[in-house]
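Residues in the sequence shown are numbered from 1 upward in steps of one, following my numbering.
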Amino acid sequence: MKHIELLNLLCRYRKLLDEAYKQKKLISVPKELVEIGLFNKVGGYYYLNEIYFTFVDTLLARADFSYIAEDFEKEVKKLIELKEEYKINKTSYVRDLIYKLLNKIYQGMKNRDKRLLGLVEKLENDEMSELEFLIKEARNILKDVEEIMYKNETIVGVFEGFKGFREFREFIKDIMIDVIHLNQNIDSYLKRLREFITQTEKKRRFNQKLYKIAHMIINEDNKIDNFLITKRFVFKQKIEFVPDSAYIEYDRVKKIVGKFTKLKKIKESRVKRDLKEVIALIDLKGLIKSVKGSEDLFKSIIEYVGKIDKELLNESVRVFVYILNHYDKKLIYTNKYNEFNIRVVKWKA
1 MKHIELLNLL CRYRKLLDEA YKQKKLISVP KELVEIGLFN KVGGYYYLNE IYFTFVDTLL
61 ARADFSYIAE DFEKEVKKLI ELKEEYKINK TSYVRDLIYK LLNKIYQGMK NRDKRLLGLV
121 EKLENDEMSE LEFLIKEARN ILKDVEEIMY KNETIVGVFE GFKGFREFRE FIKDIMIDVI
181 HLNQNIDSYL KRLREFITQT EKKRRFNQKL YKIAHMIINE DNKIDNFLIT KRFVFKQKIE
241 FVPDSAYIEY DRVKKIVGKF TKLKKIKESR VKRDLKEVIA LIDLKGLIKS VKGSEDLFKS
301 IIEYVGKIDK ELLNESVRVF VYILNHYDKK LIYTNKYNEF NIRVVKWKA
């Protein structure tokens with residue numbers, strides 16, 4: 001099959017290839033695609049050849065956590081051998097092999113740069129994976145990129161050695177401009193990875209503290225006040241708590257939450273509502289819809305809960321912690337505090 005015939009075949013089955021790229025496997029494919037090796041049958045499914053994934057992902061600067069960056073160690077070793085051979089026997093055959101290998105390493109470095117960029121961006125934009133997993137993957141990738149940085153110095157040294165041959169001098173001069181730029185990119189990836197690890201570890205520590213405070217609130221632990229102060233968690237200073245019951249004193253609520261509507265005379269009670277009951281009463285779906293895009297999650301919760309049932313206002317802190325615990329990946333934690341001395345948390349737009 002000629003190259004143009006292959007291109008025509010790919011165009012003819014472009015929709016099927018797109019589906020295979022997205023779904024990873026298909027139940028049936030045209031026989032001619034199997035014959036040229038584009039699909040491999042395993043069990044009852046047809047799998048798209050990994051070479052195709054590599055080709056597409058490289059051009060589109062995509063990478064997943066299974067990607068292993070190339071170091072071109074074997075190619076560099078072969079290039080050094082050809083250089084020594086060329087010193088002795090300057091045949092056109094050896095010269096062409098050197099040109100081909102120089103270009104292969106250079107093109108490979110450019111393709112690797114695209115995949116690494118895609119990998120770093122995937123880490124930074126991942127909102128689904130567990131933080132522990134992301135930190136582990138980031139550290140592994142950081143280690144690999146540090147090794148790449150070191151091995152790139154060897155590649156540069158080998159490339160520089162070919163400047164001593166007049167026939168390779170211009171070619172090396174041209175590609176070295178790009179190689180230097182690629183090394184600068186590697187350095188920027190290292191900085192981004194280190195920053196990502198630092199920020200994600202901070203977020204993990206915050207979540208651990210958040211889990212602890214949520215547990216203390218749910219279990220009405222009277223040590224929560226001291227915990228908030230000593231750990232310097234969400235609150236900057238000790239705050240006054242509203243009685244955690246189904247019915248509240250509005251004079252005290254107004255000091256913490258602010259003024260809402262007219263005071264209601266409600267018979268005091270010490271009945272404790274279960275958190276699941278509270279979540280059901282406030283209509284969680286309606287709350288989530290209401291707070292999307294919020295610039296201050298806690299204030300938005302207060303506003304929403306106040307409209308649903310003012311008797312539930314004292315549950316606002318518990319609801320706030322519940323949302324932080326279950327929708328963490330959709331939130332942005334700022335360094336600012338609102339008038340209630342509670343950290344301003346935004347809902348991602």
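Each residue gets a CB set at the ideal place from its N, CA and C atoms; glycine is no exception.
Contacts around residue i, its chain only, beta-carbon distance under 6 Å, and the 5 residues preceding and following it disregarded
i	result
Asn-111	Thr-58
Ala-61	Lys-114, Leu-117, Gly-118
Leu-10	none
Gln-107	none
Leu-7	none
Ser-300	Val-291, Ser-294
Asn-183	Asn-152
Asn-325	Ala-214
Arg-169	Lys-163
Lys-74	none
Leu-38	Asn-49
Top-ranked residue by Cα proximity to residue i, from the options
i	options	result
Ser-66	Tyr-150, Glu-5, Asn-325, Gly-118	Gly-118
Tyr-150	Ile-186, Asn-49, Val-278, Lys-203	Ile-186
Leu-16	Met-1, Leu-33, Lys-143, Leu-6	Leu-33
Tyr-304	Ile-282, Arg-318, Tyr-189, Ser-92	Ile-282
Asp-18	Gly-43, Gly-37, Tyr-52	Tyr-52
Lys-276	Lys-307, Asp-126, Ile-323	Ile-323
Glu-88	Phe-165, Ile-308, Arg-192, Lys-292	For the sequence presented, residue 88 should be read as Ile rather than Glu. Checked all of Phe-165, Ile-308, Arg-192, Lys-292; the closest Cα to Ile-88 is Phe-165.
Leu-327	Glu-339, Ala-20, Leu-287	First, the amino acid is wrong: residue 327 is Tyr here, not Leu. Comparing Cα-Cα distances from Tyr-327 to each of Glu-339, Ala-20, Leu-287, the minimum goes to Leu-287.
Glu-5	Pro-30, Ile-36, Leu-190, Ser-28	Ile-36
Tyr-86	Glu-167, Lys-31, Phe-133, Leu-312	Glu-167
Val-319	Asn-207, Arg-14, Asp-274	Asp-274
Leu-142	Ser-92, Val-317, Ser-188, Lys-212	Ser-188
Val-317	Ile-175, Ser-92, Ile-279	Ile-279
First through last residue of the alpha helix (DSSP H) which encompasses residue i
i	result
Leu-79	73-88
Lys-299	297-308
Tyr-322	316-326
Val-352	Not covered by the structure: residue 352. The range shown for the chain is 1 to 349.
Ser-429	Here the chain covers residues 1 to 349 and nothing more, so residue 429 does not appear.
Ser-290	284-291
Lys-31	31-35
Unbroken beta strand (DSSP E) run spanning residue i, endpoints
i	result
Ile-68	Looking at the DSSP string, Ile-68 is not in any beta strand (DSSP E), and its letter there is neither H nor E.
Arg-12	Looking at the DSSP string, Arg-12 is not in any beta strand (DSSP E); the run it does join, the alpha helix (DSSP H), is 3-12.
Asn-40	39-42
Thr-54	It is not in any beta strand (DSSP E) - Thr-54 instead sits in the alpha helix (DSSP H) that spans 50-59.
Thr-334	331-337
Ile-346	The identity of residue 346 in the sequence shown is Lys, whereas the question assumes Ile. It spans 343-347 - the beta strand (DSSP E) in which Lys-346 sits, taken as one unbroken run.
7 Å Cβ shell around residue i - same chain, five flanking residues per side excluded
i	result
Arg-155	Residue 155 is actually Ile in this sequence, not Arg. Correct list, in chain order: Phe-72, Val-76, Ile-105.
Glu-127	Lys-329
Ala-20	Leu-26, Leu-48
Asn-338	Asp-296, Phe-298, Lys-299, Val-344
Val-29	Leu-16, Phe-39, Tyr-46
Ile-177	none
Contact check, residue i vs residue j, beta carbons under 7 Å
i	j	result
Trp-347	Ser-294	yes
Ala-69	Ile-148	yes
Thr-334	Val-344	yes
Phe-196	Glu-124	yes
Arg-204	Leu-131	yes
Ile-135	Thr-200	yes
Integer Cβ distance of residue i from residue j, believed to fall under 8 Å
i	j	result
Tyr-46	Lys-25	7 Å
Leu-297	Leu-331	7 Å
Phe-171	Leu-102	7 Å
Leu-190	Val-145	6 Å
Contacts around residue i, its chain only, beta-carbon distance under 8 Å, and the 5 residues preceding and following it disregarded
i	result
Leu-82	Val-94, Leu-97, Ile-98, Leu-101
Val-179	Tyr-106, Met-109, Asn-152, Ile-155, Val-156, Phe-159
Trp-78	For clarity, residue 78 is Lys in the given sequence; the question names Trp instead. Excluding residues within five positions, the ones whose Cβ falls inside 8 Å are Leu-101.
Ala-138	Leu-123, Leu-193, Phe-196, Ile-197, Thr-200
Ile-80	Val-158
Gly-161	Lys-83
Lys-173	Lys-163
Gly-44	Ile-27
Distance cut-off 6 Å: residue i Cβ against heavy atoms of the ligand MG
i	result
Ser-300	The ligand MG is not part of the structure shown, which contains no ligands of any sort.
Chain C contact for residue i (CB, 7 Å cutoff)
i	result
Glu-85	Considering every chain present, this structure includes no chain C. It has just one protein chain.
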